[in-house]
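Residues in the sequence shown are numbered consecutively from 0, following numbering that gives the first Met the number 0. Every residue, glycine too, gets a C-beta built ideally from N, C-alpha and C. Report on the following structure.
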Amino acid sequence: MRQPGRRPKGPILTFDGCMRQPNICAACEGDVHEAFAVGSFLYVRCNRCGTLQLAETPQQDDLRQLYQQDDTWTSSKDTSLDDPQQEQRETRRRLTALRDLGIGVGRVFELGPGQGYLARALAASGSEVTVFELHEETTNRLRDHGINALRDLSSLQGQYDTIILWGVIEHLEDPFGVLSVLQKRLTLNGSFVVLTEDSSCWFARMAGRRWSWLLPPEHVVLFSRRGLEACLGRLGCRLVAYRSWPTVIRAIVSSALGQERALKWRHGFRTARRLVRASQGGARSRIVGVAKRILDTRLRLICEHKVYRFSMEPPRPPGIHSPS
Ligand SMILES: [Zn+2]
Numbered sequence: 000m001r002q003p004g005r006r007p008k009g010p011i012l013t014f015d016g017c018m019r020q021p022n023i024c025a026a027c028e029g030d031v032h033e034a035f036a037v038g039s040f041l042y043v044r045c046n047r048c049g050t051l052q053l054a055e056t057p058q059q060d061d062l063r064q065l066y067q068q069d070d071t072w073t074s075s076k077d078t079s080l081d082d083p084q085q086e087q088r089e090t091r092r093r094l095t096a097l098r099d100l101g102i103g104v105g106r107v108f109e110l111g112p113g114q115g116y117l118a119r120a121l122a123a124s125g126s127e128v129t130v131f132e133l134h135e136e137t138t139n140r141l142r143d144h145g146i147n148a149l150r151d152l153s154s155l156q157g158q159y160d161t162i163i164l165w166g167v168i169e170h171l172e173d174p175f176g177v178l179s180v181l182q183k184r185l186t187l188n189g190s191f192v193v194l195t196e197d198s199s200c201w202f203a204r205m206a207g208r209r210w211s212w213l214l215p216p217e218h219v220v221l222f223s224r225r226g227l228e229a230c231l232g233r234l235g236c237r238l239v240a241y242r243s244w245p246t247v248i249r250a251i252v253s254s255a256l257g258q259e260r261a262l263k264w265r266h267g268f269r270t271a272r273r274l275v276r277a278s279q280g281g282a283r284s285r286i287v288g289v290a291k292r293i294l295d296t297r298l299r300l301i302c303e304h305k306v307y308r309f310s311m312e313p314p315r316p317p318g319i320h321s322p323s
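Rendered as structure tokens:
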């Protein structure tokens, strides 16, 4: 019997109507071998670029349903759990990264903005911002904030200086297919900005099957740096710059606990925060608040993510030909 959320092995109909074979690397089309079983899911690793991906990808409809929930592992949409100060710090950090990467922020499209803190900050500083977010209530809230939040990705129009996928590409069933559609919306000098886990970082290699970012079914493809370069390279994009992105203490704790215990721990902690908030308990609220800040502290020495900037290869001058 087929397990819910998974599809039988075979070609996958992708975003742009192409067929992708699940037994080859989604990044570079290399061969893959079995890497880790996480729960009932199997990750395979590319022999060529080291990218990890689910051996059997979740069905798109199942993922769409999953992302209507307020409480997915990777992105809580429950606004009662927000810590405005922490969100502001994180948004400033992201804006600094964008500035350091030297991208244009005149017209920006963000795929999967979550609660939209970055999109709102960019819009507030004068950028023309369009987003597409699967979580419908969040889409409505973003519209209330004056953001052009699309109902459907196929309605994306216009040209953009920068297209941002911040913690999103690892969720895509067919990242190459989605990027190839988005690329048509980049201006000539436009850039992709991608933040994602690096499955070739030393912490991932050390943690192995306990690596906290092996999160099926949400995390479908976990790119290595080489794999992401190969994937974007297939679209004629080159890596212009990247920055390591420090990890948070909660991710280290999750790797140490292992996925099953980490899930229980996260559920317990989020429940405690909701209870404390509802009871408006003074001292307990402060203790839980301090605990959250500690868990959200970024450790500069350990980086499991990178922020990449990819741009189109400049066109060859007339008379210069590719070697045959
Ligand atoms: Zn590969």
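Whole angstroms are fine: how far does the CA of residue j sit from the CA of residue i?
| i | j | result |
| --- | --- | --- |
| Leu194 | Ala96 | 10 Å |
| Gln59 | Glu172 | 7 Å |
| Arg273 | Glu86 | 18 Å |
| Gly29 | Arg249 | 33 Å |
| Val287 | Lys305 | 29 Å |
| Lys8 | Gly235 | Here the model assigns Lys8 a pLDDT of 42, short of 50, so the residue's position is not dependable, and the following value carries that caveat. So the two alpha carbons sit approximately 30 Å from each other. |
| Pro322 | Val220 | With a pLDDT of 46 at Pro322, under the threshold of 50, the predicted position of this residue should be treated as unreliable, though the coordinate-derived value follows. Their backbone Cα atoms lie some 33 Å apart in a straight line. |
| Val31 | Asn22 | 7 Å |
| Leu53 | Asp197 | 16 Å |
| Ser284 | Arg265 | 17 Å |
| Pro245 | Arg92 | 11 Å |
| Ala282 | Ser153 | 49 Å |
| Arg44 | Gly166 | 20 Å |
| Tyr241 | Tyr307 | 4 Å |
| Asp15 | Glu127 | Model confidence at Asp15 stands at a pLDDT of 43, short of 50, so the residue's coordinates are unreliable; what they give is reported in the following sentence. If you take the alpha carbons of Asp15 and Glu127, they lie about 26 Å apart. |
| Thr296 | Pro83 | 15 Å |
| Val275 | His170 | 32 Å |
| Phe40 | Leu298 | 30 Å |
| Gly207 | Gly125 | 43 Å |
| Val289 | Arg88 | 15 Å |
| Val177 | Gln64 | 19 Å |
| Leu256 | Ala148 | 38 Å |
| Arg57 | Ala123 | Note that residue 57 is Pro in the sequence shown, not Arg. Distance between the alpha carbons of Pro57 and Ala123 is about 37 Å. |
Any heavy atom of ligand 1 within a distance shorter than 8 Å of the CB on residue i?
| i | result |
| --- | --- |
| Thr50 | yes |
| Glu217 | no |
| Glu28 | yes |
| Arg47 | yes |
| Gly176 | no |
| Cys24 | yes |
| Ala229 | yes |
| Gly288 | no |
| Gly232 | no |
| Gly226 | yes |
So, using beta-carbon positions, are residue i and residue j closer together than 9 Å?
| i | j | result |
| --- | --- | --- |
| Ile301 | Leu227 | no |
| Thr161 | Leu117 | no |
| Arg369 | Thr137 | No answer is possible for residue 369: the residues shown for the chain start at 0 and end at 323. |
| Val239 | Gly101 | yes |
| Leu62 | Glu217 | yes |
| Ile163 | Arg119 | no |
| Ser211 | Ser179 | no |
| Arg233 | Glu312 | no |
| Leu141 | Pro112 | yes |
| Arg204 | Gly157 | no |
Of the residues the options, which one's Cα is nearest the Cα of residue i?
| i | options | result |
| --- | --- | --- |
| Thr50 | Gly113, Glu33 and Val247 | Glu33 |
| Ala36 | Cys48, Trp264 and Glu55 | Glu55 |
| Pro174 | Cys230, Val252, Thr138 and Phe131 | Cys230 |
| Leu258 | Phe202, Arg209 and Ala282 | With the sequence shown as reference, residue 258 is identified as Gln, and Leu is not the correct amino acid for it. The option with the nearest alpha carbon to Gln258 is Arg209. |
| Asp99 | Gly288, Glu217, Phe268 and Val192 | Val192 |
| Lys183 | Asp295, Phe108, Gly125 and Arg292 | Phe108 |
| Arg260 | Arg88, Cys27, Leu221 and Gly38 | Gly38 |
| Leu294 | Leu262, Val275, Arg285 and Ile251 | Ile251 |
| Arg155 | Phe131, Pro245, Arg292 and Pro57 | The sequence given here has Leu at residue 155, not Arg. Residue Phe131 is the option with its Cα nearest to Leu155. |
| Pro215 | Ala255, Leu262 and Lys291 | Leu262 |
| Asn46 | Gln64, Pro57, Phe40 and Ala25 | Ala25 |
| Asn188 | Ala148, Gly103, Ala290 and Gly207 | Gly103 |
| Thr129 | Leu181, Gly176 and Arg88 | Leu181 |
| Thr270 | Lys291, Ala255 and Ser124 | Lys291 |
| Cys48 | Gly207, Ala123, Gln64 and Cys27 | Cys27 |
Please check the pair residue i and residue j, which I expect to be a contact at CB under 8 Å, by giving their CB distance rounded to whole angstroms.
| i | j | result |
| --- | --- | --- |
| Arg225 | Ser199 | 7 Å |
| Tyr159 | Leu185 | 6 Å |
| Phe309 | Ser190 | 6 Å |
| Gly115 | His134 | The Cβ separation is near 10 Å, so there is no contact. |
| Glu303 | Phe202 | 5 Å |
| Tyr66 | Leu213 | Going by Cβ atoms, the distance from Tyr66 to Leu213 rounds to 19 Å, so no, they are not a contact pair. |
Tell me, please, whether the CB atom of residue i is closer than 9 Å to any CB atom in chain B?
| i | result |
| --- | --- |
| Trp201 | The structure shown contains no chain B, having only a single protein chain. |
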